[in-house]
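Residue numbers (my numbering), protein chains in the order written: chain A, -2 to 147; chain B, -2 to 147.
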């Protein structure tokens, strides 16, 4: 189970402390980029036309995992799998981003990333509303803490 | 960038050829399970109450990656990052699943998995409609091929 970067993410955030709670929190959401390594550019064929993508990345700056913790805005202990905290057993991050076009053949312009500048990119998947969109879903203990500002 | 399984996924599908095109294609969608290893069960605290989860897994049966190919239902060559094909540079799979409860403290009952029985589980994330749901998204070249049967 060995990973290799397919590119790198560029965001305005230089440290974990700078990062927003999620990519939709900053208003307006800044433009970020995903630069794909030359060896993988062929994989971008036909990516135009998708309005949203799923970026999968390796949160390499994250400290040791923590299986449960009390979130800063909460009073109860929550399990890591009931949160989107980066301190996961496998520090794989995932963001649904708005895709605003390709530049120079290898650079994707996106909004709603929330990771540190320089984060290694592992995968890009097209966002499919047929399988990825659940508007009637309920968010458990996070329901009361939801933020979505644009 | 080293991964470790946090559990294992159980589905009715024994080979890649058996797997549905996506987890929402079978009608009715069969009940599947995610069994979390004892060392990681603490991470499930407060997971009840989420109606949907994102399962992240390692598609260990997948052959060598292919950066572009012509999908079976298509006539044009598409890049891997414009498809959800498993033959990715990093074979990380992702499914938005309906969560139907915990059993025995370590087993999550879910629907809409599309991977092979025995697939190693890497992460469980709560599905958050505030950041993961994009009902107005467009699906590029896949728009004409969408399937969502329930």
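For glycine and all other residues, C-beta sits at the position ideal for the given N, C-alpha and C.
These numbers come from a predicted model, not from an experiment.
Item                                                                                                                                : Value
Buried or exposed by the 16-neighbour rule on C-beta atoms within 10 Å, applied to residue 128 of chain B                           : buried
Unbroken stretches of the alpha helix (DSSP H), 4 residues or longer, contained in the segment 106 to 144 of chain A                : 126 to 129
Cβ-based neighbour list, residue 142 of chain B, same chain, cut-off 7 Å, excluding 5 preceding and 5 following                     : 70
Alpha-carbon spacing of residue 136 of chain A relative to residue 97 of chain B, whole angstroms                                   : 14 Å
Closer than 7 Å at the beta carbon, the chain B residues around residue 121 of chain A                                              : 78
Residue 30 of chain B - partner residues in DSSP beta bridges                                                                       : B:7, B:106
Cβ contact (3+ pairs, closer than 8 Å) linking the segment 18 to 28 of chain A and the segment 36 to 51 of chain A                  : no
For residue 13 of chain B: DSSP bridge partner residues                                                                             : DSSP, once it has assigned bridges, lists no residue as partnering residue 13 of chain B.
Per-residue burial, residue 11 of chain A [other beta carbons within 10 Å of its own, 16 or more giving buried]                     : exposed
Nearest neighbour of residue 99 of chain B, chosen from B:31, B:66, B:1 [CA to CA]                                                  : B:31
Per-residue DSSP class, three states only, for residue 78 of chain B                                                                : helix
Validate contact between the segment 82 to 95 of chain B and the segment 105 to 123 of chain A using beta carbons, cut 8 Å, 3 pairs : yes
Chain A residues whose Cβ lies nearer than 7 Å to that of residue 49 of chain B                                                     : 131, 134
Contact under 9 Å by Cβ, residue 76 of chain A with residue 34 of chain A                                                           : no
Among B:41, B:40, B:54, B:45, nearest to residue 2 of chain B - alpha-carbon criterion                                              : B:54
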